[in-house]
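*Asks:*
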Amino acid sequence: MPPGTIVHVGEQRHEPVKLSVIKYDAADFQEKTVATVEAALSFRSKSSVMWLNIDGVHQPEIIEQVAKSFGLHPLVAEDIASTGQRPKLEDFDDYIFVVLRMLRFDGNENETKTEQMSIIFGRDFVVSFQEREGDVFDHIRERLRNNKGRIRKLGADYLAYSLIDSIVDNYFMVLEKLGETIEDIEDRLVANPTSETLQTIHDLKREMIFLRKSVWPLREVINRLERSESALINKSTFVYLRDVYDHTIQVMDAVETFRDILSGMLDIYLSSVSNRMNEVMKVLTVIATIFIPLTFVAGIYGMNFRYMPELEQTWSYPAVLVLMLVVALLMVVYFRRKKWI
Amino acid sequence: MPPGTIVHVGEQRHEPVKLSVIKYDAADFQEKTVATVEAALSFRSKSSVMWLNIDGVHQPEIIEQVAKSFGLHPLVAEDIASTGQRPKLEDFDDYIFVVLRMLRFDGNENETKTEQMSIIFGRDFVVSFQEREGDVFDHIRERLRNNKGRIRKLGADYLAYSLIDSIVDNYFMVLEKLGETIEDIEDRLVANPTSETLQTIHDLKREMIFLRKSVWPLREVINRLERSESALINKSTFVYLRDVYDHTIQVMDAVETFRDILSGMLDIYLSSVSNRMNEVMKVLTVIATIFIPLTFVAGIYGMNFRYMPELEQTWSYPAVLVLMLVVALLMVVYFRRKKWI
Amino acid sequence: MPPGTIVHVGEQRHEPVKLSVIKYDAADFQEKTVATVEAALSFRSKSSVMWLNIDGVHQPEIIEQVAKSFGLHPLVAEDIASTGQRPKLEDFDDYIFVVLRMLRFDGNENETKTEQMSIIFGRDFVVSFQEREGDVFDHIRERLRNNKGRIRKLGADYLAYSLIDSIVDNYFMVLEKLGETIEDIEDRLVANPTSETLQTIHDLKREMIFLRKSVWPLREVINRLERSESALINKSTFVYLRDVYDHTIQVMDAVETFRDILSGMLDIYLSSVSNRMNEVMKVLTVIATIFIPLTFVAGIYGMNFRYMPELEQTWSYPAVLVLMLVVALLMVVYFRRKKWI
Amino acid sequence: MPPGTIVHVGEQRHEPVKLSVIKYDAADFQEKTVATVEAALSFRSKSSVMWLNIDGVHQPEIIEQVAKSFGLHPLVAEDIASTGQRPKLEDFDDYIFVVLRMLRFDGNENETKTEQMSIIFGRDFVVSFQEREGDVFDHIRERLRNNKGRIRKLGADYLAYSLIDSIVDNYFMVLEKLGETIEDIEDRLVANPTSETLQTIHDLKREMIFLRKSVWPLREVINRLERSESALINKSTFVYLRDVYDHTIQVMDAVETFRDILSGMLDIYLSSVSNRMNEVMKVLTVIATIFIPLTFVAGIYGMNFRYMPELEQTWSYPAVLVLMLVVALLMVVYFRRKKWI
Amino acid sequence: MPPGTIVHVGEQRHEPVKLSVIKYDAADFQEKTVATVEAALSFRSKSSVMWLNIDGVHQPEIIEQVAKSFGLHPLVAEDIASTGQRPKLEDFDDYIFVVLRMLRFDGNENETKTEQMSIIFGRDFVVSFQEREGDVFDHIRERLRNNKGRIRKLGADYLAYSLIDSIVDNYFMVLEKLGETIEDIEDRLVANPTSETLQTIHDLKREMIFLRKSVWPLREVINRLERSESALINKSTFVYLRDVYDHTIQVMDAVETFRDILSGMLDIYLSSVSNRMNEVMKVLTVIATIFIPLTFVAGIYGMNFRYMPELEQTWSYPAVLVLMLVVALLMVVYFRRKKWI
């Protein structure tokens with residue numbers, strides 16, 4: 025297919041795509057769920073900000089309509105549909121296109137799920153695409169509705185910043201959950217390490233690899249946004265972008281720390297396995313080393329030679345028993361000294 | 025040999041070199057398989073784009089003719105013939121010379137094969153050299169024939185981009201195949217790891233090393249192309265080059281992730297081997313530790329001392345048997361507690 | 025919550041927040057504990073330096089008052105309250121905002137504790153926020169009171185430098201304590217390594233990870249301060265900043281060295297464990313290898329065949345005993361040669 | 025000794041130093057072995073290129089004469105004599121001084137030997153110093169003699185490039201030899217790994233360390249040469265230098281790949297050792313676990329109690345034998361299931 | 025204490041501080057041991073170079089006098105006294121302050137000792153501080169006395185260079201000693217590795233960590249010196265500084281190579297330990313596997329059943345002996361095939 029073709033890549037979906045529009049300025053606020061892109065466009069006006077949020081990227085025609093209406097480059101439309109993009113930023117002069125990954129911790133499967141989030145923002149609009157319904161933006165909608173904070177007074181760039189900020193803040197939530205899982209395993213590692221513990225450590229390590237893949241490029245995206253000289257971003261927004269940037273670095277730090285901790289846990293697991301092996305060997309050695317010589321002595325006096333004078337004495341049986349006891353005790357003392365028992 | 029000498033380096037080949045020409049502009053399209061370079065040159069014209077694709081670099085005279093006809097530097101001709109080049113880009117003012125590696129996953133041998141692909145493009149021509157017939161460009165030819173998309177309206181630089189894009193897209197296919205193999209092994213690793221599993225993990229690790237060698241320099245090639253100020257590349261093509269660049273980074277990411285996963289699998293393999301050793305040791309220890317002391321007791325009463333009063337009692341044989349049973353049971357209880365059985 | 029909301033993040037606290045003001049110039053010095061931010065502001069004057077130190081960031085209203093009084097950006101106020109920030113520097117034109125981590129080595133729990141320290145300084149003031157009472161600035165207060173050194177003659181920037189310098193110097197103290205712990209373990213590692221030793225090594229490794237997280241960004245903070253072109257910093261202060269920078273690098277060096285040493289200790293631990301396993305195996309092997317053949321010989325002559333001519337000879341019993349002794353001695357000689365005993 | 029003193033550092037040598045001169049331009053060619061530096065100087069002329077090759081750097085007086093005649097800096101003379109230099113480039117305005125390492129694979133000792141090669145080139149001369157006779161430049165001499173290629177038409181800079189190119193090309197030869205050795209070991213690693221295999225892997229790893237030390241700085245040398253703005257290098261030579269640069273990167277790539285492969289081989293070796301240990305343990309466990317219980321049963325009926333009713337029955341001996349057989353078979357079945365036999 | 029306070033940090037010392045002055049120009053030379061700093065200052069003159077060398081930094085008053093006399097910054101004085109500085113360079117306009125670490129290999133304790141060396145040089149003076157008497161500058165003093173080489177004709181910058189050069193050259197000596205120790209261990213590693221060998225390898229690794237800490241920053245120091253635009257350094261000195269720089273890189277290369285080699289030796293040690301374990305296990309397995317079945321057979325015929333027909337036959341005893349021999353031989357053949365014996 026030629027580049028610029030809109031093909032949905034990713035998990036198959038069938039639910040209808042949901043379009044919801046919010047239009048606001050310092051004074052007014054409107055919110056509506058619309059059926060078509062055209063209906064949404066009627067909300068656009070130069071003096072207010074329109075936020076069009078679209079849940080679902082599996083209907084190419086909708087993406088195409090959005091692309092036409094907002095004058096997006098064909099490659100942007102292609103990227104929105106093919107979920108699996110690395111976080112990135114493209115600065116076209118009229119609009120900025122940002123791809124992020126939104127995380128969700130699935131408590132049932134103990135797994136982090138990611139979803140591609142595309143944000144396009146211009147002077148007076150923000151269009152956001154998500155793969156499925158359900159997001160981390162409810163508190164932003166709340167602030168818009170109730171005119172809390174500065175958000176209604178500021179432009180589309182501040183809204184775009186707010187969306188990105190919510191996504192990054194959500195990373196901390198996911199990290200916290202992973203941190204709890206790590207602590208869980210840590211306790212089990214000391215109490216009773218099994219091969220499942222090992223498996224969980226490796227699963228977590230892999231989670232970290234995927235998290236890292238989502239976060240590393242994000243840092244660059246936000247850095248470029250922060251340093252961009254785009255006319256679309258107000259000066260006063262830059263300090264907020266710098267704040268998100270700091271958060272991204274904190275997330276990265278946490279991911280790296282978790283990786284280091286997991287590596288340490290792997291070492292502890294392996295050395296505890298070899299410690300147990302050691303213990304098993306010691307038991308075997310102690311038992312075998314005490315009884316093999318004694319059995320040999322018993323074997324000696326079990327021989328059927330005709331002339332074995334010891335056998336004839338009354339005291340020789342108890343004497344041999346005592347001898348065996350002494351040998352056994354000496355062995356025990358030796359092992360005690362070696363700290364084997 | 026002096027630098028600039030054209031010597032074919034690589035696998036020996038004997039099939040004839042195949043030359044095919046495509047000439048197109050927005051209105052016209054011609055396609056032909058020609059016998060000689062001269063025949064191909066007749067297709068060149070200032071107002072249209074000529075694409076000369078040559079399958080086979082083992083006949084120096086053909087490369088030499090191409091070099092002469094298009095005014096290529098002797099070192100370029102040398103590089104085309106000696107397959108084994110690292111991906112690279114040379115910007116001569118009249119033409120740009122790009123070397124890439126085209127991958128092919130050989131399903132039979134479970135191995136990735138690479139082929140050197142040289143692309144030279146100027147204002148009105150693209151010359152591409154492959155080591156053997158069969159490539160990943162059929163969909164481009166199709167688009168040219170049927171005038172699908174923008175390709176016929178754009179210049180030689182867009183065609184060159186399309187070729188590079190196809191090659192990079194093909195990397196994802198190869199990565200997917202490798203990903204499947206990795207998942208296969210992963211299942212086996214849990215079920216029944218053998219030393220062949222280890223061998224396969226190491227083979228895959230080596231595949232990754234080779235893949236990495238092909239992809240890392242590619243990133244720089246495309247980066248330089250994207251940042252080049254060559255007059256040969258149209259402004260509108262840059263956004264497409266940036267897109268290929270993003271794909272290259274995604275490929276690199278995937279390769280690094282696979283490497284990390286394979287390292288983790290190696291750890292799991294090693295620790296599962298040492299776990300099994302542990303299990304073997306436990307069986308030995310349990311059996312030996314139970315029976316060695318019992319055998320010793322039997323040995324005692326097998327001795328031939330004349331005065332062993334116990335031997336004379338009617339109840340002593342069953343008593344000894346019961347004693348042995350008790351010792352064995354105590355041992356079993358001890359091992360249960362230690363979770364060895 | 026909208027960005028800029030002041031929410032205390034971190035350990036829950038209930039003690040009242042303590043505000044203490046110091047006002048000084050070359051001639052005068054005043055020091056007072058005040059109840060409110062307003063009371064503190066009355067100490068501010070253009071010709072002298074005011075240092076407002078606040079112990080406790082769990083009362084948002086106090087931070088808000090400070091932010092209003094000194095014209096701080098909402099995000100600065102947010103960062104002060106949410107303890108867990110990475111060391112960072114923000115240069116607003118009127119003031120510079122620095123976040124650091126102050127370390128404290130808890131001798132009881134053998135653990136390093138960190139506390140967030142926020143410093144805001146402008147032309148004539150320094151405001152410092154700590155999480156709890158107790159800090160490393162007593163010697164600075166002493167110097168201010170007694171007019172020791174240059175500190176009273178210099179501006180707010182020098183005071184800010186002094187605070188940072190004290191914090192970095194304190195890192196050396198913590199490192200020294202950790203160094204002592206490492207030496208302790210090292211001795212134990214040679215004498216009698218237990219699995220607790222391993223645990224301690226891993227705990228120390230983790231300490232190093234956390235220390236590193238505090239120190240690495242610090243380097244950049246001080247570097248940026250040193251290279252900043254802010255009008256708030258006097259030229260003569262730069263050489264002092266360069267000095268702190270050097271100290272930071274020394275701290276980082278020490279942390280890296282400790283990490284390397286701890287890794288080496290891990291290797292030694294593991295190889296000492298496997299050495300002991302080896303030793304255990306040798307004892308088992310020596311005992312088993314000597315006595316199993318001898319027991320076999322005894323078994324032979326314990327068989328009840330009717331025709332075993334050896335059994336009838338007077339000399340055969342001592343002969344067999346001698347034979348056994350010879351076999352045992354040969355074994356001992358063999359093991360001596362192999363250096364097993 | 026003061027810096028600039030010429031002292032031969034390296035292997036002791038006694039053979040006489042050999043000086044050979046070649047003088048050429050597009051039309052003429054002279055070649056001669058001379059006895060003294062003065063004799064060589066008579067070949068110098070502004071309109072042609074003189075190449076003075078000196079085999080042996082153990083006679084300080086010769087280096088001193090060369091230094092005087094060509095106006096070399098004392099430190100250059102010192103560097104020529106002290107073999108063990110890292111590859112480097114010094115651009116004095118009148119001449120460029122390049123130090124390289126020439127490799128030689130010693131087939132007998134399976135070892136790569138290196139030799140320091142110093143090249144000084146100016147507008148009309150190239151002086152090259154080697155540690156001993158025998159080099160990789162015969163094909164260059166051949167081309168000069170027979171006026172093959174462009175070399176006679178171009179200046180001293182092209183000759184210098186040709187020398188460097190030959191040395192780098194020779195690296196590929198050495199790498200090929202090492203590659204063959206690696207393949208050899210790989211086969212042995214699968215068939216029958218011994219501790220010698222391990223030693224060879226480590227020897228090869230060390231070879232790689234030394235190769236790397238020779239090649240890494242070389243990259244920088246050629247890079248600086250390529251980017252230099254020295255008037256001594258013609259514009260047309262730069263494309264050739266870029267070509268050598270590409271080759272250097274290929275060599276480095278190959279070295280890194282070999283290192284990775286050798287690390288993988290080490291892993292395979294270690295895990296094959298532990299596999300064999302496992303196998304040994306299994307044999308021991310199977311034999312011991314089958315026979316220890318049986319021996320115990322035999323011990324029971326070897327006891328000398330007066331009242332052991334079983335002993336008196338005709339059928340009890342065969343019954344016990346059958347019982348033993350059944351126990352043994354059950355054990356065998358158990359081990360089969362565990363895949364131990 | 026306020027920054028700039030001179031406190032001796034490091035090993036306690038009590039010997040008197042030794043001051044020695046050398047004053048020279050092309051024509052004159054004076055050398056004297058003086059008692060006070062004032063006495064030394066009388067040697068200073070604009071037309072000649074004065075070198076004041078001070079052995080001992082444990083008397084703050086002397087450092088203070090020097091600082092006053094030469095106009096040094098308080099932080100410079102502080103750094104001189106607190107030994108433990110990282111190598112660094114500070115360029116004040118009137119003088120340059122360089123801190124280095126001088127190494128000394130203590131043959132008795134097989135340990136490298138370091139000493140802080142501070143060099144301050146201006147237009148007409150060099151002041152050098154060492155921690156104790158005894159240094160690597162005797163050959164420089166010799167050259168000054170005898171007017172050997174260029175040193176008397178050149179300025180203070182050349183003297184400073186000479187001091188730095190001597191220190192770096194001395195590193196090679198230390199590295200050579202360490203290289204010999206490494207070779208020693210290597211031989212022992214093959215012949216008879218003990219746990220002391222392991223300890224020595226780890227000690228050497230730690231030595232390397234410390235060496236690295238001394239050398240890495242040195243590289244930057246010399247680099248900055250070389251690139252500095254200070255008026256205090258003559259143009260002709262730069263080529264010498266570049267030479268020291270190259271030596272520093274060679275030292276770093278050697279340190280890295282030694283680290284790699286030591287890591288390889290660690291691997292060899294570990295795998296030789298596991299090889300020996302393997303060997304021990306094989307001996308145990310061979311002995312146990314041969315004799316346990318035989319002992320079982322002997323046990324069978326030691327049973328006291330009344331009806332064991334075999335026992336009554338004349339030929340059955342020798343037949344059983346032969347059977348045992350055959351079983352033992354078969355086992356031996358089996359182990360031979362497995363290459364265990």
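Residue numbers (the numbering used here), protein chains in the order written: chain A, 25 to 365; chain B, 25 to 365; chain C, 25 to 365; chain D, 25 to 365; chain E, 25 to 365. Think of the CB as a built atom: it goes at the ideal place given N, C-alpha and C, for glycine as much as any other residue. These numbers come from a predicted model, not from an experiment.
Can you tell me which of the three DSSP states residue 240/B falls into?
*Replies:* Looking at residue 240/B - three-state DSSP - the assignment turns out to be helix.
*Asks:* So the candidates are 131/B, 133/B and 147/B; which of them puts its Cα closest to the Cα of residue 70/B?
*Replies:* When each option's Cα is compared against that of residue 70/B, the closest is 147/B.
*Asks:* Given residue 166/E, which residues of its chain have a CB within under 8 Å of its CB, disregarding the five upstream and five downstream residues?
*Replies:* So the qualifying residues of the chain are 172.
*Asks:* How about residue 50/D and residue 236/D: do their beta carbons lie closer than 7 Å?
*Replies:* No; because the gap between Cβ atoms is not below 7 Å, this pair is not in contact.
*Asks:* Identify the contact partners of residue 112/D in chain E, using a Cβ-Cβ distance below 7 Å as the criterion.
*Replies:* Residues of chain E passing the Cβ test: 270.
*Asks:* Cβ of residue 333/C less than 7 Å from any chain A Cβ?
*Replies:* Chain A contact via Cβ: absent.
*Asks:* Who are the Cβ neighbours of residue 45/B in its own chain at under 6 Å, not counting the five residues just before and after it?
*Replies:* For residue 45/B, where only same-chain residues beyond five positions count, the Cβ hits under 6 Å are 56, 58, 64, 67 and 76.
*Asks:* For residue 126/B versus residue 191/B, is the C-beta distance shorter than 7 Å?
*Replies:* A contact, by the Cβ cut-off of 7 Å.
*Asks:* Report the partner residues of residue 48/C according to the DSSP bridge assignment.
*Replies:* Paired residue(s): 53/C and 73/C.
*Asks:* Identify whether residue 144/C lies in helix, strand or coil by the three-state DSSP scheme.
*Replies:* Looking at residue 144/C - three-state DSSP - the assignment turns out to be strand.
*Asks:* For residue 127/A, write down the residues that DSSP places opposite it in a beta bridge.
*Replies:* In DSSP, residue 127/A forms a bridge with 138/A.
*Asks:* Residue 58/C by DSSP, collapsed to three states: which one?
*Replies:* Strand at residue 58/C.
*Asks:* Below 7 Å on C-beta distance, what does residue 327/E contact in chain D?
*Replies:* Per Cβ cutoff of 7 Å: 322, 325 and 326.
*Asks:* Compare the beta carbon distance of residue 120/A and residue 256/A with 7 Å and say whether it is the shorter of the two.
*Replies:* Yes; because the gap between Cβ atoms is below 7 Å, this pair is in contact.
*Asks:* Out of 295/D, 26/D, 153/D and 291/D, state which residue places its alpha-carbon closest to the alpha-carbon of residue 391/B.
*Replies:* The requested residue 391/B does not occur in the structure, where chain B is confined to residues 25 to 365.
*Asks:* DSSP three-state label for residue 113/B, please.
*Replies:* It is a strand residue.
*Asks:* Span of the beta strand (DSSP E) holding residue 295/C?
*Replies:* Where residue 295/C is concerned, there is no enclosing beta strand (DSSP E), although the alpha helix (DSSP H) it sits in stretches over 259 to 324.
*Asks:* So, under 8 Å CB-CB, residue 320/E and residue 322/D are touching, yes? Tell me the CB distance rounded to an integer number of Å.
*Replies:* Sure, about 6 Å apart at Cβ, within 8 Å.
*Asks:* Give the residues of chain H in contact with residue 330/B, contact being defined as C-beta atoms less than 9 Å apart.
*Replies:* Absence of chain H from the displayed structure is noted, the protein chains being A, B, C, D and E.
*Asks:* Can you pull the chain D neighbours of residue 81/B, defined as C-beta to C-beta under 7 Å?
*Replies:* Neighbours of residue 81/B on chain D: none; closest Cβ ~18 Å, over 7 Å.
*Asks:* In the DSSP assignment, what are the bridge partners of residue 177/E?
*Replies:* Beta-bridge pairing links residue 177/E to no other residue.
*Asks:* Quick one: using the 10 Å Cβ neighbour count with 16 as the cut-off for buried, is residue 339/C buried or exposed?
*Replies:* Residue 339/C is exposed by the Cβ-count criterion.
*Asks:* Looking at the structure shown, is residue 122/A part of a helix, part of a strand, or coil, going by DSSP?
*Replies:* Reduced to three states, the DSSP call for residue 122/A is strand.
*Asks:* Evaluate the contact criterion for the region 281 to 301 of chain B versus the region 250 to 264 of chain B: three or more CB pairs, one atom per stretch, below 8 Å.
*Replies:* The region 281 to 301 of chain B is not in contact with the region 250 to 264 of chain B.
*Asks:* Answer with buried or exposed for residue 139/E, where buried requires no fewer than 16 other C-beta atoms within 10 angstroms of its C-beta.
*Replies:* Label assigned to residue 139/E: buried.
*Asks:* Could you name the residues of chain C that residue 305/E contacts, counting a contact when the two beta carbons are closer than 8 Å?
*Replies:* Those within 8 Å of residue 305/E in chain C are 305 and 309.
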